[in-house]
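Here's the structure, in C-alpha cells; my notes come after.
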C-alpha cells in the first residue's frame with residue numbers, strides 16, 4: 001500500500017476518501033483510532049492509503065481536485 005495523503009483535518013480526509021471512492025479507487029484511512037492515545041485533540045495525522053497499482057491515479061485525482069499537499 002502507498003500513502004497518498006496525510007492530514008489532521010477530518011473534513012479533508014472525508015472529502016479525499018469520498019472522491020477516491022467515486023473514482024473507483026479503494027482507499028483506507030490509517031491511524032484513525034490513534035485519537036484514543038492522544039486524548040482526541042487531533043495532533044496525530046491520519047493517513048490515506050491505496051493499493052500500489054492505484055497510487056499514481058489517486059495522486060493525480062487529488063492534485064486535480066486541489067487536495068494534494
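Residue numbers (the UniProt record's numbering): 1 to 69.
We treat Cβ as the ideally placed atom computed from N, Cα and C, and that holds for glycine.
Query raised in the report: Which of the three DSSP states, helix, strand or coil, is assigned to residue 34?
Result: Counted from its first residue, the chain shown places residue 34 at position 34. The answer is helix: DSSP assigns residue 34 an H, G or I state.
Requested in this report: Measuring alpha carbon to alpha carbon, tell me which of 58, 66, 33, 67 ends up nearest residue 1.
Outcome: Here the question's residue 1 lines up with position 1 in the chain shown. With distances taken between CA atoms, residue 1 lies nearest to 58 out of 58, 66, 33, 67.
Query raised in the report: In whole angstroms, what separates the C-alpha of residue 16 from that of residue 44?
Result: Here residue 16 is taken as the residue at index 16 of the chain shown, counted from 1. Here residue 44 is taken as the residue at index 44 of the chain shown, counted from 1. Within the model, the alpha-carbon separation for residue 16 versus residue 44 is close to 18 Å.
Query - Length of the line joining the Cα atoms of residue 23 and residue 48 - result: In the chain shown, residue 23 corresponds to position 23, counting from 1. In the chain shown, residue 48 corresponds to position 48, counting from 1. Across the structure, residue 23 and residue 48 are spaced so that their CA atoms are roughly 15 Å apart.
Query - Helix, strand or coil at residue 49 [DSSP, three-state] - result: As a working note, residue 49 is residue 49 in the chain shown. In the three-state DSSP reduction, residue 49 falls in the strand class (E or B).
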